[in-house]
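There are 2 protein chains.
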Amino acid sequence: MSGIKLSIIGAGSAIFSLKLVGDLCKTKGSSGSSVSLMDIDEKRLNSVHLLAARYAAALGANLKFEKTTDMKRSIEGADFVINTALIGGHGQLDASRKAGEMHGYARGIDSQEFNMVSDYNTLSNYNQLKYFLEVAHNMEEICPNAWLLQSANPVFEGTTLISRYSDIKVIGFCHGHYGVEIVARSLGLDIKEVNWQVAGFNHNIWLTRFLYKDKDAYPLLDQWIEKEAMKWKPEDPFDDQMSPAAIDMYKFYGRMPIGDSIRNGSWKYHYHLEAKKKWYGEPWGGADSDLGWAWYQNYLKASTDKSFKLALDKSINLLQEFPPEVMSREQHIPFIDALINGNQGRFVLNIPNKGPIIPSIPEDVAVEVPVIVDQEGIHPEEINPPLPKRIMDMYLAPRRSRMEWALEAFVYGDKRILQEILVRDPRTKSFEQAEAVIDEILALPFNKEMKKHYEIKK
Amino acid sequence: MSGIKLSIIGAGSAIFSLKLVGDLCKTKGSSGSSVSLMDIDEKRLNSVHLLAARYAAALGANLKFEKTTDMKRSIEGADFVINTALIGGHGQLDASRKAGEMHGYARGIDSQEFNMVSDYNTLSNYNQLKYFLEVAHNMEEICPNAWLLQSANPVFEGTTLISRYSDIKVIGFCHGHYGVEIVARSLGLDIKEVNWQVAGFNHNIWLTRFLYKDKDAYPLLDQWIEKEAMKWKPEDPFDDQMSPAAIDMYKFYGRMPIGDSIRNGSWKYHYHLEAKKKWYGEPWGGADSDLGWAWYQNYLKASTDKSFKLALDKSINLLQEFPPEVMSREQHIPFIDALINGNQGRFVLNIPNKGPIIPSIPEDVAVEVPVIVDQEGIHPEEINPPLPKRIMDMYLAPRRSRMEWALEAFVYGDKRILQEILVRDPRTKSFEQAEAVIDEILALPFNKEMKKHYEIKK
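From first to last, the protein sequence lines are chains G and F.
Quick note on numbering: UniProt numbering labels position 224 of the first sequence as 224, and the sequence is numbered without any gaps.
Quick note on numbering: UniProt numbering labels position 217 of the second sequence as 217, and the sequence is numbered without any gaps.
As structure tokens, this is what we get:
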């Protein structure tokens, strides 16, 4: 991997960037690589740059670091670009959510059936989707052979959008499939003996194959449900893999939902805080309640504060904070290692459904599936057994429709599309309500360009 | 066509049956055919039998008639079976609707996005869908080579269901595409010079091709909208082809919806009576309002009363009531004539999407498309230009999902599926509401078998 250049867009998210840098340091053959850290927030950028350089030095890794606030400069000569930027940050997410709540849309208009994750905005996020394409189109000019590792949400919409409207090789990255390990651990299974597959869309994946020592392991899950499920309590708002919501979805759909898919159930689990508590546990009612999201905001703030503190206080031993023997669970660096150095690995990635990999889903839709990666490229596994018809028809089909509607709105502009999407939202009581909330969101100060783009056409 | 046997299931619907009989009388080569009228309502059956025989005699047609309350007997030796039966009649529709309204579902739970037609029940209609399959399976045993002309609603769900679960040749029949003639007439166009195509699903079709004297006729529609649309008033609740709803759908989707597709817009047009009046005109607010449906019930009652009167009063000249020179606009008899006598014709029929006829729709879904029929069979036209992406993604995709959900519920049983469908309904405010309304419907006296079928599985 000697001599590769990695550009991290939105690198100011310090913990995430340090994970990547740490993984790179611990990867044999990365010697001589350079990392360009890019963010428009200079304070965060400086802090993460300092930390990254000190951590690499402490590990004795031969890596070069640069920092820049200029995306185009960052991707110059890049072999891999990781886009993890959240345009406008959480402040804009909060403002959009508040605008929605003023008009009767609890948790904002982007909280939708099968997509309740609170920073996975697909409707009010013009700036974010536009930036996705901006990165890709700049790459076409500046580093046309580089890979784009799309890590910023919404990964499903983003990966599909970029792969349709750009020639850049794009892969969507998430880590939700590690939920399989939580299932295995909960049942007392040795993960090394578990033969598993997941398939679906990002944040919408299902445990299609689940064998333990070559035998169907679902009966073991049934036993756990009978004997252990009532004792379950969440450790934090994101701890939902074995929650009543997950079990209820499993009982209805016949397969276990994995990772953030559990947050993305139907309104049944999200009607109000009491419902959320019932299905995702006390006291928070999951990550996507006011309580759970406040917890997460505090967590983010604490992380950022900590990274500032680590950057300023040179007496702190970074190797203690980030143990050198442990790889992060992010897939990015092992993926690069597999592709460049042939260090073959199995990943769960978001790629266009060419083949198709999942039958009866169009080939220009990004699916999240297990793949083997080596120097020859990305080799999707055959999904066997296939996704059950009920999951295809009752879960993935409406989720795919929502993706298409969001992209239709974004690509075409015209606020009537957003209005029509909201007409299909159970929180909408009248067409006037849908009109009013869209106008409210378009009037937000950071949505000036969006407002122009969404003028009614013809 | 000599010697064919036609079985009409649900023949007690006198006006419809007399249309078919009249068409048959007026079709050369039908001489010697026999018609079996089947209904469980003996009073209606006797009346329609009397009328049919007298009308055929008045026309000098050589047709034989039989009547029976036994479906199996009726289809014995049949070449064509027309199923037009509404199991339980309007009384059961009304009871199901009332059960829905008790729990906050105005117009009943079956009134759904893109499917607001008040007798097109897909959820509470176990008895109806079950009868569809019963007819088909009896045909497999008794007249396996006969064609099943599926005329009873829901035609989309029914045709798809029967074609998936039976080997019988099934075609879905409707007449909604004649709305094209209303568009042409409204614009002052000679229909003979209009080159048109429609495509979609039953009650969900769009004017994909619209040429007048070989030139795009949509600009003529735009002119009409600018100059004439504001003067439009409905003549009856069903007169909606040029309504504000139709125009609004055209402006959003880029093509004109045709026939009952206009009733099947989104909630925007159906939130409440005022919305319905705005979009479908005063005073009724379209056919699917309380007012419009009451009008229709009166109309049906008057038709039935009239048919009884005609049957009893032999002094009435049937040729005056049903002029011999006019064919009804029902497609059934001309279709049979084309297939049997090679009297080639163009029809708009519901057939499985083999080919596919409409790309990206599975081949086991029934589509409504123009076809040429002759002695060799049914030849679908190439749909050109294709359906626009917005119609595919924002209208047909969610409508298809609803069809799949309804069939999943019907085929699998398990009331949790019905509950989950209602969770996706904007009228549902809590899961308990969805549970309660389903239990209410399952408790209706005519749903005993349905209730058993829908017990929670596992």
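The C-beta atom is built at its ideal place from N, Cα and C for all residues, glycine as well.
Fair warning: this is a prediction, and the values are worked out from it, not measured in the lab.
### Query
Span of the beta strand (DSSP E) holding Y212/G?
204–212
### Closest by C-alpha distance to F410/F, when choosing among K452/F, I378/F, Q375/F, N384/F
K452/F
### Task
Within the same chain, show all residues whose beta-carbon is closer than 8 angstroms to that of E101/G, passing over the 5 residues directly before and after it, in chain order.
R107, G108
### Task
Could you pull the start and end residues of the alpha helix (DSSP H) that L220/F belongs to?
218–227
### Query
Which residues share a DSSP beta bridge with L6/G?
V35/G, F80/G
### Query
Residues in its own chain within less than 6 angstroms of R209/G by CB, not counting five upstream and five downstream?
W196, Q197
### Task
Classify G179/G as buried or exposed, calling it buried when 16 or more other Cβ atoms lie within 10 Å of its own Cβ.
buried
### Query
Since D439/F meets chain G, which of its residues come closer than 9 angstroms, beta carbon to beta carbon?
Those do not exist, as D439/F stays about 16 angstroms from chain G at its closest Cβ, beyond 9 angstroms.
### Message
Do I75/F and V135/F count as a contact pair if the criterion is CB distance below 9 angstroms?
### Response
yes
### Query
Which residue's Cα is closest to the Cα of A302/G: M256/G, A14/G, Q112/G, Y105/G?
A14/G
#### Entry: Residues of the stretch 252–271 of chain G with Cβ closer than 7 angstroms to any Cβ of chain F, in chain order
F252, S266, W267, K268, Y271
### Task
Figure out for me which residue from E408/G, Q433/G, K448/G, Q92/G has the closest Cα to the Cα of Y165/G.
E408/G
#### Entry: Against chain F: residues of the stretch 212–235 of chain G by CB proximity under 7 angstroms
none
### From L442/F, C174/F, A217/F, I171/F, residue whose alpha carbon lies closest to that of L190/F
Here residue 190/F is Asp; the residue named in the question, Leu, does not match the sequence. Of the listed residues, the one whose Cα sits closest to D190/F is A217/F.
### Query
Comparing the C-beta of A397/F with each C-beta of chain G, is any distance below 9 angstroms?
yes
### Query
Which full runs of the alpha helix (DSSP H) of 4+ residues lie inside the stretch 411–457 of chain G, going along the chain?
415–423, 431–442, 448–453
### Task
Using the DSSP secondary-structure output, state which residues sit across from T196/F in a beta bridge.
A small correction: the amino acid at residue 196/F is Trp; Thr does not occupy that position in the sequence shown. Paired residues: F210/F.
### Task
Note down, in chain order, every chain F residue with its Cβ under 8 angstroms from the Cβ of W295/G.
By Cβ distance, chain F contributes nothing, its closest Cβ being about 25 angstroms from W295/G, past 8 angstroms.
### Task
Flag this pair as yes or no: are the beta carbons of I383/G and I421/G separated by less than 9 angstroms?
no
### Query
Which residues mark the beginning and the end of the beta strand (DSSP E) in which N350/G is found?
345–352
### Task
Output yes if chain F places a C-beta closer than 9 angstroms to the C-beta of S74/G; else output no.
no
### Query
Which residue or residues does DSSP assign as beta-bridge partners of D149/G?
Going by the sequence as given, residue 149/G is Leu instead of Asp. BP columns for L149/G point to I82/G, I171/G.
#### Entry: Own chain partners of K64/G with C-beta closer than 6 angstroms, once the 5 adjacent residues on each side are dropped
S34
### Query
Does R164/F have its Cβ less than 9 angstroms from a Cβ in chain G?
no
### N447/G and N127/G closer than 9 angstroms at C-beta
yes
### Message
Does the stretch 272–279 of chain G come into contact with the stretch 219–235 of chain G, if we say contact requires no fewer than three beta-carbon pairs (one atom in each stretch) closer than 8 angstroms?
### Response
no
### Query
In three-state DSSP terms, what is M1/F?
With a pLDDT of 48 at M1/F, under the threshold of 50, the modelled position of this residue cannot be trusted; read the value that follows with caution. It is coil, neither helix nor strand.
### Residues near Y212/G by beta carbon distance below 7 angstroms, same chain, minus five either side
L189, E193, V194, L220
### Task
Alpha carbon to alpha carbon, how far is N121/G from P144/G? Give it in angstroms, no decimals.
28 angstroms
### Task
For L133/F, I'd like the list of residues in its chain whose CB is within less than 8 angstroms of its CB, leaving aside the five on either flank, ordered along the chain.
L161, I162, Y165, S166
### Query
For chain G, is any of its Cβ atoms less than 9 angstroms away from the one on V423/F?
yes
### Task
Tell me the start and end of each unbroken alpha helix (DSSP H) in the stretch 46–102 of chain F that is at least 4 residues and wholly inside, in chain order.
71–75, 89–102
### Task
Verify the CB distance criterion: does E449/G have a CB-CB separation below 9 angstroms to chain F?
no
### Query
Quick one: complete alpha helix (DSSP H) runs, 4+ long, within the stretch 238–279 of chain F?
244–253
### Task
Below 7 angstroms CB to CB, which residues in the same chain sit around G342/F once its five sequence neighbours on both sides are set aside?
D374, Q375
### Query
N341/G bridges to which residues according to DSSP?
Answer is none; N341/G lacks a bridge partner.
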